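In the working numbering, the protein residues as written are 998 to 1361.
The beta-carbon is built from N, C-alpha and C at its ideal position, and this holds for glycine as well.
Please read these numbers as outputs of a predicted model, since none were measured by experiment.
First comes the structure, then the notes that go with it.
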Amino acid sequence: MKKSLVIIAAGGTAGHIMPGLVIADVLKKRNWDVLWLGNRHKMESDLVRSNGVDFRSINFDGLPNRKITTLLSFPFKLLISMMNVWKIFYLKKPDLVIGMGGYITIPVCLVASLKRIPIVLHEQNAVMGRANSILYKFASQVLSGYPIDHYKNIKFVGNPVRNEFLNISSSYYRYDLRADKTLKLLVLGGSLGSGDINNCVPEAIHLLPTEERPLVFHQCGNKHVKKINEKYKELGLKADCVGFIDNISQELSNADLVICRSGAMTIAEITAVGVASLLIPFPNAVKNHQWKNAEFLYRVGAAWLIKQDELTPEWLACWLKTINRNDLLKVAVKAHSLYKPDTNNIIAESCERFKKNNTYEKKY
């Protein structure tokens, strides 16, 4: 019996790509064939292939800016991209298209709509992204990682995470086990490195009395490892600095507190593990989505939150003095209560429901 074929369209950032890879893995285990459409010049090319998923490249650079040349050329570039997608669809005959975000999804989902192939969209953030804002009316089903206002018929299912996050011991057990030990602080400066977080944390730790200083594991981006290592040493501090963390689930479970940005997948992993966090949203994120992501946790006591322009070493040092292990445990438990353990299966079941050979109906 021929397997059903799903085409996944996603690209541009890891926040779109990584959850797409989770869904690809879930569907492959359910006997689907998976084909990924992306841009060979973007990060999805290497990430997707290295995860054993078939990859085809299409060229599409995104929506036009205000320059007259890009405005004039955009329709032609979109048309060419759609023609390339049409050819792939003709040859592969997909049963379903999944859009995980990123501009590359626009030509893919528009062609799917024209060919009446079911479309399932997933929005990872608390604010609808630009591509999904355009495409949601063409979708058979829209799924979201957060409750999203102002749009009808969106199903809040959470964000998919890898299986390694699903088998971690409870927050109660982990925090109780470390009750009498030195606080473990995990700093996630981002894979590219956030200068504000990377520079602030060492200075804040330096301001603390020696006996109150936490053990620090600091991911600061490959380009910044040497600089941040030297900064800790100049301040007379010990810290483990790395450019990238391969086993992030293990480091999250080892931490008592995480200081990080509030990208959708970072928060999904924090809630899956159940760990306390201080969230510092990236202020220039599209539609301020990182602030909205963080607010979702902060409003219910599942994280602490501060604006980047309010973050100073003095503030951070003072704040670190005020928190205790009971506070950390309460926030960690609340964070885990927001995690949706059935997300991966719910998304897969939506795909099964709307695949081409089934009866489906547009919801918009």
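Residue i to residue j span [Cα, whole Å]
i	j	result
N1150	A1314	45 Å
T1089	D1193	The amino acid at residue 1089 is misidentified as Thr; the sequence shows Lys. Straight-line Cα distance between these residues: approximately 47 Å.
T1010	S1167	30 Å
K1331	D1253	14 Å
A1273	K999	46 Å
V1108	D1092	13 Å
M1015	W1288	21 Å
G1301	F1279	First, the residue type needs correcting, since residue 1301 is Trp and not Gly in the sequence shown. Their backbone Cα atoms lie some 15 Å apart in a straight line.
N1081	K1224	45 Å
V1239	E1266	19 Å
A1021	H1147	29 Å
L1132	E1120	11 Å
Bridge-paired residues (DSSP) for residue i
i	result
C1257	L1185, L1276
E1120	S1141
R1037	The partner list for R1037 (beta bridge, DSSP) is empty, contrary to what the question assumes.
C1238	H1215
With 16 other Cβ atoms within 10 Å as the buried cut-off, status of residue i
i	result
S1078	buried
L1275	buried
Y967	In the structure as shown, the chain starts at 998 and stops at 1361, and residue 967 therefore has no counterpart that could be examined.
N1195	buried
Q1247	exposed
T1309	exposed
The beta strand (DSSP E) enclosing residue i, as first and last residue numbers
i	result
I1005	1002-1006
G1096	1093-1096
L1212	1212-1216
I1151	1151-1153
S1054	1051-1054
CB contact flag (residue i, residue j, <8 Å)
i	j	result
A1345	L1024	yes
D1237	V1213	yes
L1032	R1053	yes
T1102	A1006	yes
S1137	P1115	yes
L1002	V1050	no
L962	V1154	The requested residue 962 is not part of the displayed model; the chain covers only 998 to 1361.
V1094	V1105	yes
A1329	Y1229	no
G1008	N1048	no
T1179	P1211	yes
I1303	I1277	yes
A1261	N1226	no
Where the alpha helix (DSSP H) containing residue i begins and where it ends
i	result
I1014	1011-1026
D1324	1322-1334
K1318	1310-1319
V1198	1192-1204
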